[in-house]
Amino acid sequence: MMHIVKNKAFNIPTIRVQFPALQQYIHGKPLIYLDNAATTQKPQQVLDALLSHYQFTNANVHRGIHTLGDRATSALEATRKSVQNLIHAAHTEEIIFTAGTTASINLVANSYGQAFLQRGDEILISHMEHHANIVPWQMLCQRTGAHLKVIPITDTGELLLEGWEQLFTPQTKIVAIAYASNNLGTVNPIKELIAKAHQQGAVVVIDAAQAIAHLPIDVQALDCDFLAFSAHKAYGPTGVGILYGKSELLERMPPYQGGGEMIREVTLDQVIYNQLPYKFEAGTPNIAGIIAFQEAINFIQALGYEAIQQHEQQLLDYAHSQLSRLPGIQLIGTAPHKIGIVSLAIPGKHHLDIGMLLDAQGIAVRTGHGCAQPLMQRLNLEGIVRASFAVYNTLEEVEQFMLTIQKLSQRK
Amino acid sequence: MKYPSPSTIETRQDEIIQAFKLLEDDREAMLHYIMELGEQMPPLANEHKTEANLIKGCMSAVWLKPCQQGDRLFFEADSNTAITKGLISLLIRILSGETAQAILQSNLYFIQGIGMHQLIGSQRTGGLASMLQQIKLIAAQQIKNA
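Quick mapping for you: the protein sequence lines, in order, are chains D and Y. Residues 1 to 412 in the numbering used here are what the first sequence spells out, letter by letter. Residues 413 to 558 in the numbering used here are what the second sequence spells out, letter by letter.
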């Protein structure tokens, strides 16, 4: 039995009991949920808020004068305040509700990109990006004649910063980069990148989908121009995303989608758009989801990012130290600064087979290209097995995962 | 012309159902058994791992190569994943060497009989259905060309 030192600052049983989904058995075995980078499970307080909205405050927002409408609007706007507080935005109207990280990035590409980019301009991304932070920019390049440039990565899964400054040119207009990689776990030096991009007059879009549940974010300290994330990767409901944008940029940008809510006045001849943030929130939003997201933020803030980081770092260190000793295991992504993501490959064994055999043990992991095919091409891999940790995971679960991987790697 | 009795296909299916029953719902053992069946199947030569032989609708790559001998259809197959290779080996074990007519008329009740859907999940059951559909498509094509 391996020696396990528990993190005393974190009372895992008290946390786990708040997650109904974690109380179940899969194929007769207790569920070990290690696919948190795909989506996290939801605590009871989020589930209660969802149900309670539909039971007692269900009404459309920003429209009716009636009491239910007012309650729903107040609750939705309270979440906007909570998000502002969570990421330290200067103004509430800098928080735009979207359907998810993908929708947020597409909003920037379609609105800011379409309005301000032209032929010959350059968009800089990295080789480790999720498809959601690649394809919208490729589509923008196709429409505008701009070019996509890529910051290479090292074999350990870090941005190759040697010579990276040459990638910035006066034509660089947008830099779009992940705060943390969804497959490698690498936490990128985004503050340096943002400073460099600003020297060249480029705006920076941060994909914070993998960061939001694990790292404290201060958009003013980072000085990022846009930042995108999803509620569902941070213990909140699916179908809710956030786009943070500096108000001076959002003011200059044209609306992305037209419809109700985003207008102030419409005649059949002309339209006057609504003010921020509503200019970018056409149509009825995911009201229940947004309201319930506030409870997810409360959950994170009650634990505190410092304790969360300490706990997840312990899981990561334990997994890395044990897995690196196993012969026949290829660890993917070994940067010194990571969030709790452990990716691996077992040469000679297909990731789908490994995923299925782990599932037979009740262990849920991600298998495949992890929505980052260019990264897999760079690493010369067809796919990976990814275990990603959250606040409710235990050292015992990580150990069970490793023992199963060890057993599978030893099978002929 | 002598047609094989449909019971041959049924007998082979019954044998497979019996073999899985011995594993007493041990999910891991069942998956390992499927993989072992795949390992027993000779690998397909690389020259036959072509786009034309690739089955559409599977999560992993599966190649199926038909071969006609007299009125019988024989199949060889391979996959880049061990479980998928095992799955197609089951279909080949049951259907290879039969006439096109028998293949077309076959009812593969073993899939339900061993609880395949619960065992491999909906995505891979869909893949298995694609493999079976391809085998039946080849059989139908052979009848049409005859």
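No residue lacks a Cβ here, since even glycine has one placed at the ideal position from N, Cα and C.
Residue i - partner residues in DSSP beta bridges
{"i": "Thr98/D", "result": "Gly241/D"}
{"i": "Pro30/D", "result": "Tyr25/D"}
{"i": "Asp490/Y", "result": "Trp475/Y"}
{"i": "Tyr318/D", "result": "Answer is none; Tyr318/D lacks a bridge partner."}
{"i": "Leu227/D", "result": "Ile206/D and Tyr244/D"}
{"i": "Gln313/D", "result": "Gln313/D is not bridged to any residue."}
{"i": "Gln235/D", "result": "Before going on, a small fix: residue 235/D reads as Tyr here, not Gln. DSSP lists no partner for Tyr235/D."}
{"i": "His147/D", "result": "Glu122/D"}
{"i": "Thr186/D", "result": "Lys338/D"}
{"i": "Ala176/D", "result": "Val205/D"}
Contact check, residue i vs residue j, beta carbons under 8 Å
{"i": "Gly236/D", "j": "Val46/D", "result": "yes"}
{"i": "Thr98/D", "j": "Lys233/D", "result": "no"}
{"i": "Lys246/D", "j": "Asp225/D", "result": "yes"}
{"i": "Ile174/D", "j": "Gly239/D", "result": "no"}
{"i": "Ile105/D", "j": "His127/D", "result": "no"}
{"i": "Gly333/D", "j": "Ile339/D", "result": "no"}
{"i": "Gly328/D", "j": "Ile346/D", "result": "yes"}
{"i": "Leu250/D", "j": "Glu122/D", "result": "no"}
{"i": "Leu182/D", "j": "Ala37/D", "result": "Here residue 182/D is Asn; the residue named in the question, Leu, does not match the sequence. Yes, they are a contact pair."}
{"i": "Ser616/Y", "j": "Lys468/Y", "result": "This structure does not reach residue 616/Y, given that chain Y is present from 413 up to 558, and the question cannot be answered."}
{"i": "Ile263/D", "j": "Leu76/D", "result": "no"}
{"i": "Gln294/D", "j": "Ala78/D", "result": "yes"}
{"i": "Leu34/D", "j": "Phe401/D", "result": "yes"}
{"i": "Ile555/Y", "j": "Ala512/Y", "result": "yes"}
{"i": "Leu485/Y", "j": "Gln546/Y", "result": "no"}
{"i": "Leu357/D", "j": "Glu440/Y", "result": "yes"}
{"i": "His66/D", "j": "Cys371/D", "result": "no"}
{"i": "Ser230/D", "j": "Thr101/D", "result": "yes"}
{"i": "His311/D", "j": "Phe10/D", "result": "yes"}
Spatially closest choice to residue i from the options, by CA coordinates
{"i": "Ala115/D", "options": "Gln23/D, Pro255/D and Met128/D", "result": "Pro255/D"}
{"i": "His369/D", "options": "Phe229/D, Val187/D, Pro152/D and Ile384/D", "result": "Ile384/D"}
{"i": "Leu344/D", "options": "His337/D, Lys338/D and Ile354/D", "result": "Ile354/D"}
{"i": "Leu499/Y", "options": "Gly509/Y, Ser472/Y and Gln481/Y", "result": "Ser472/Y"}
{"i": "Arg531/Y", "options": "Ile12/D, Ala360/D and Gln400/D", "result": "Sequence inspection shows Leu at residue 531/Y; the Arg mentioned does not correspond to that position. For Leu531/Y, the nearest C-alpha among the options comes from Ala360/D."}
{"i": "Arg143/D", "options": "Pro30/D, Asn110/D, Ile300/D and Gln55/D", "result": "Asn110/D"}
{"i": "Ile515/Y", "options": "Ala541/Y, Ile526/Y, Tyr521/Y and Ala552/Y", "result": "Ala552/Y"}
{"i": "His351/D", "options": "Asn188/D, Glu382/D, Ala319/D and Asn58/D", "result": "Glu382/D"}
{"i": "Ala335/D", "options": "Ala180/D, Gln44/D and Ala72/D", "result": "Ala180/D"}
{"i": "Leu124/D", "options": "Glu158/D, Ala78/D, Thr92/D and Ala176/D", "result": "Ala176/D"}
{"i": "Val187/D", "options": "Ile405/D, Ala178/D and Asp269/D", "result": "Ala178/D"}
{"i": "Thr394/D", "options": "Gly348/D, Gln314/D and Met356/D", "result": "Gln314/D"}
{"i": "Glu261/D", "options": "Val61/D, Asn11/D, Gln18/D and Ala21/D", "result": "Val61/D"}
{"i": "Asp483/Y", "options": "Glu510/Y, Thr496/Y, Gly538/Y and Ser501/Y", "result": "Glu510/Y"}
{"i": "Arg378/D", "options": "Ala307/D, Val150/D and Ala132/D", "result": "Val150/D"}
{"i": "Ile428/Y", "options": "Arg536/Y, Leu544/Y, Ile526/Y and Asn557/Y", "result": "Ile526/Y"}
{"i": "Ala195/D", "options": "Gln210/D, Leu184/D, Arg386/D and Ala221/D", "result": "Ala221/D"}
{"i": "Leu193/D", "options": "Ala282/D, Ala90/D, Gln373/D and Trp164/D", "result": "Trp164/D"}
{"i": "Leu50/D", "options": "Pro30/D, Gly64/D, Ala72/D and Ala319/D", "result": "Ala72/D"}
{"i": "Ile495/Y", "options": "Pro478/Y, Thr462/Y, Tyr445/Y and Asp438/Y", "result": "Tyr445/Y"}
Limits of the unbroken alpha helix (DSSP H) element including residue i
{"i": "Pro374/D", "result": "Gln373 to Leu379"}
{"i": "Phe522/Y", "result": "Phe522 to Gly525"}
{"i": "Cys479/Y", "result": "Taken as a continuous stretch (DSSP letters only), Cys479/Y belongs to no alpha helix (DSSP H), being part of the beta strand (DSSP E) at Val474 to Gln481."}
{"i": "Asp48/D", "result": "Gln44 to Ser52"}
{"i": "Gly538/Y", "result": "Met528 to Asn557"}
{"i": "Leu167/D", "result": "Leu167/D -> no alpha helix (DSSP H), and no H or E assigned at all."}
{"i": "Ile515/Y", "result": "Ala512 to Gln517"}
{"i": "Lys191/D", "result": "Ile190 to Gln199"}
{"i": "Thr367/D", "result": "Not the alpha helix (DSSP H): Thr367/D falls in the beta strand (DSSP E), residues Arg366 to Gly368."}
{"i": "Ala441/Y", "result": "Arg439 to Gln452"}
{"i": "Ile15/D", "result": "Ile12 to Arg16"}
{"i": "Leu408/D", "result": "Leu395 to Gln410"}
{"i": "Val219/D", "result": "Val219 to Leu222"}
Segment limits, beta strand (DSSP E) that includes residue i
{"i": "Ser343/D", "result": "Ile341 to Ala345"}
{"i": "Val271/D", "result": "Val271 to Tyr273"}
{"i": "Leu215/D", "result": "From DSSP, Leu215/D is part of no beta strand (DSSP E); its letter is neither H nor E."}
{"i": "Glu446/D", "result": "A query on residue 446/D cannot be resolved here, the shown segment of chain D reaching from 1 to 412 and no further."}
{"i": "Val385/D", "result": "Ile384 to Ser388"}
{"i": "Val391/D", "result": "No beta strand (DSSP E) holds Val391/D; DSSP gives it neither H nor E."}
{"i": "Ile332/D", "result": "Gln330 to Ile332"}
{"i": "Glu265/D", "result": "Ile263 to Val266"}
For residue j and residue i, believed in contact at Cβ under 8 Å, the rounded distance
{"i": "Val205/D", "j": "Val108/D", "result": "5 Å"}
{"i": "Ile523/Y", "j": "Leu540/Y", "result": "7 Å"}
{"i": "Gln425/Y", "j": "Tyr521/Y", "result": "6 Å"}
{"i": "Leu243/D", "j": "Ala228/D", "result": "5 Å"}
{"i": "Gly241/D", "j": "Gln171/D", "result": "With a Cβ gap of about 30 Å, Gly241/D and Gln171/D do not count as contacting."}
{"i": "Ile15/D", "j": "Tyr392/D", "result": "5 Å"}
{"i": "Ala132/D", "j": "Leu140/D", "result": "With a Cβ gap of about 13 Å, Ala132/D and Leu140/D do not count as contacting."}
Short CB-CB distance (under 8 Å) between residue i and chain C
{"i": "Met402/D", "result": "Included in the structure are the protein chains D and Y, with no chain C among them."}
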